[in-house]
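Basically the working numbering = 1-based index in the sequence shown + 35.
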Amino acid sequence: MKTTYEQIWEAALPFQDKRDDAGHAAVTYGFAQKLVSLAGGEPQVIFPAIILHDTGWSRLTREERFVIFSPTATRDDELAVRYRHQEEGVAIARKILGDLAYPEEWTSEILEIISQHDTRDHFISHNEGIVRDADKLWRFSDVGFGADVERFEYEPDFLHDKLVGQIPSPMFFYSPTSRELALEELAARKREYAAGMPVGTIEASSAGVMSK
Ligand SMILES: [Fe+2]
Ligand SMILES: [Fe+2]
36 MKTTYEQIWE AALPFQDKRD DAGHAAVTYG FAQKLVSLAG GEPQVIFPAI
86 ILHDTGWSRL TREERFVIFS PTATRDDELA VRYRHQEEGV AIARKILGDL
136 AYPEEWTSEI LEIISQHDTR DHFISHNEGI VRDADKLWRF SDVGFGADVE
186 RFEYEPDFLH DKLVGQIPSP MFFYSPTSRE LALEELAARK REYAAGMPVG
236 TIEASSAGVM SK
């Protein structure tokens, strides 16, 4: 018998990782599980929200999806596609959760979180903060860090220091626990590249929570 989260995960699979970000859905889900265990929150809201949050990218064309990485795109161009992936994500999540007869009390909060997960300038609830932290922790993970080094041709040291600089900002992470996990992840990344090892060779102490 599959759990409800497994059913949501499977229904969302065809829509995942469409922005050249293989592993994003699984890695962020893993961080959400870790954060719920360490910092609390309602799994009934947080897990479906993190699983479904970026499914909307699948409804944009390849050109639209890559606007956010284009050096010539304006801020308005970038915002337009960000809003669209959020709107499309809400539609996909509503359909998937509706098909599974997921309780409305949780569905409405999940859709609210997805609707502005990339564009809100403040945190609206503990559940929402945990979802957005799990999403951001991607950049610190072995897979996400490696993807950015490759995509932007960053020196690992440069990316490491850039990310360290983002952690203290009050609007970056919601939870102090997320700041700690981010620092642990970065320490692991640094040990890897300082030793000339491939990214992902060393597990941060926060790792090992992936269920998918
Ligand atoms: Fe997103
Ligand atoms: Fe995301």
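All residues carry an ideal CB built from backbone N, CA and C; glycine is no exception.
Per-residue burial, residue i [other beta carbons within 10 Å of its own, 16 or more giving buried]
i, result
"Asp-177", "buried"
"Asp-170", "buried"
"Ser-213", "buried"
"Ala-34", "Any property of residue 34 remains undetermined from this structure, which presents the chain solely from 36 to 247."
"His-157", "exposed"
"Phe-187", "exposed"
"Ala-60", "buried"
"Glu-190", "exposed"
"Ala-67", "buried"
"Asp-89", "buried"
"Thr-248", "No answer is possible for residue 248: it lies beyond the span of the chain, which begins at 36 and ends at 247."
"Gly-65", "buried"
"Glu-144", "buried"
"Glu-139", "exposed"
"Glu-41", "exposed"
"Glu-98", "exposed"
"Glu-220", "buried"
"Glu-185", "exposed"
"Ala-242", "Only weak support exists for where Ala-242 lies, its pLDDT of 47 falling under 50; the value from the coordinates is given anyway. The residue in question, Ala-242, is buried, as its Cβ has 16 or more Cβ neighbours within 10 Å."
CB contact flag (residue i, residue j, <9 Å)
i, j, result
"Leu-48", "Pro-83", "no"
"Arg-224", "Phe-193", "no"
"Glu-124", "Leu-87", "As written in the sequence, residue 124 is Gly, which differs from the Glu given in the question. Result yes, Cβ atoms of Gly-124 and Leu-87 sit closer than 9 Å."
"Ile-165", "Ser-210", "yes"
"Gln-121", "Gly-91", "yes"
"Arg-100", "Lys-53", "yes"
"Ile-148", "Arg-167", "yes"
"Trp-141", "Gln-79", "yes"
"Asp-56", "Trp-173", "yes"
"Ser-93", "Ile-127", "yes"
"Ile-81", "Asn-162", "yes"
"Ala-46", "Asp-111", "no"
"Gly-179", "Val-62", "yes"
"Thr-154", "Leu-114", "yes"
Whole-number beta carbon distance between residue j and residue i, since they are thought to touch under 8 Å
i, j, result
"Gly-200", "Val-234", "Incorrect: roughly 20 Å between the Cβ atoms, too far for contact."
"Leu-95", "Val-116", "6 Å"
"Ala-217", "Ile-202", "5 Å"
How would the residue list near ligand 4 read, in chain order, if you kept each one whose beta-carbon is closer than 6 Å to any heavy atom? In the structure shown, ligand 4 is absent; the only ligands present are ligand 1 and ligand 2.
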